[in-house]
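Residue numbers (the numbering used here): 1 to 103.
All remarks here apply to the structure that follows.
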């Protein structure tokens, strides 16, 4: 799966979990499945082979919402993505990404 296949805009971050054994980072989000009807469902965006996860956000009321993403470089065969949020931004290097239904 590619970043272009995931609709980040307006996904609400509920929790981010690091799995050190698998080098993965899971974003549990309320994912927009139908914008016109304002319908969201729980999904998990998983980044694999993650390095250098950084959070650059300030005080904000409520959970941050993802706004957009951009590739800002590469490092050790990984793409570096910057995730803009309503509270600032987050950045990480990864090799693979996928979107899953929440379990």
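Every residue, glycine too, gets a C-beta built ideally from N, C-alpha and C.
This structure is a prediction, so every number in the text was calculated from the model and none was measured.
- Taking the Cα positions, residue 33 is about 27 Å away from residue 56.
- At the C-beta level, residue 49 and residue 2 stay beyond 8 Å of one another.
- Uninterrupted beta strand (DSSP E) stretches at least 3 residues long and entirely within the stretch 2-83 occur at 12-19, 24-34, 39-48, 51-57 and 66-75, given in chain order.
- When C-beta atoms of the stretch 78-97 are compared with those of the stretch 58-70, three or more pairs fall below 8 Å, so the two segments count as touching.
- By the C-beta density criterion, residue 43 is buried, having at least 16 other C-beta atoms within 10 angstroms.
- Distance from the CA of residue 40 to the CA of residue 12, rounded to the nearest whole angstrom, comes to 9 Å.
- In this structure, residue 8 keeps its C-beta atom at 8 Å or more from the C-beta atom of residue 16.
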